[in-house]
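Engineer:
In the numbering used here, the protein residues as written are 1 to 142.
1) Let me know the alpha helix (DSSP H) ranges lying completely inside the region 40–76, each 4 residues or longer, listed in chain order.
2) So what's residue 11 in DSSP terms, helix, strand or just coil?
3) According to DSSP, simplified to helix, strand and coil, what is residue 91?
4) Out of 50, 15 and 91, point me to the one whose CA is closest to residue 6's CA.
5) Taking 8 Å as the cut-off, decide whether the C-beta atoms of residue 26 and residue 63 are in contact.
6) What's the C-alpha gap between residue 143 and residue 140?
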């Protein structure tokens, strides 16, 4: 644990995509959930709970050149082909490296825009569906 040192920041993040380490990535976000539902019988207090399905999703924003490299690495289409893996590592000289793995990702939506005076015209945001449990710090969510 760092005291008065560098903590994790964007410079500490390395994202590994199918084509290699992403240099032109400006954001990545991912989350998962496993809801439970209270189960009632006689009375007003739950007697237990039922588990719902695990769900994981995310998004990432790539500069246009990085998005084109990803498309090429996926065989020409971001929608066709097998699910792919994304590895996100957080680490620097003052903190231990922590690695999260998104083991089976499919891109479900792509969005871009460009306008007058854009310094990063055509950046592409991809919405992700994650089809297997995220490994948080190397430990599977389920």
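We put the CB at the ideal spot given by N, CA and C, even for glycine. All figures in this text were calculated on a predicted structure; none of them were measured in a lab.
Structural biologist: The relevant details are as follows:
1) 64–73
2) helix
3) In the displayed model, residue 91 falls within a strand according to three-state DSSP.
4) 91
5) yes
6) The structure shown does not extend to residue 143, since the chain is modelled only from 1 to 142, so the question has no answer here.
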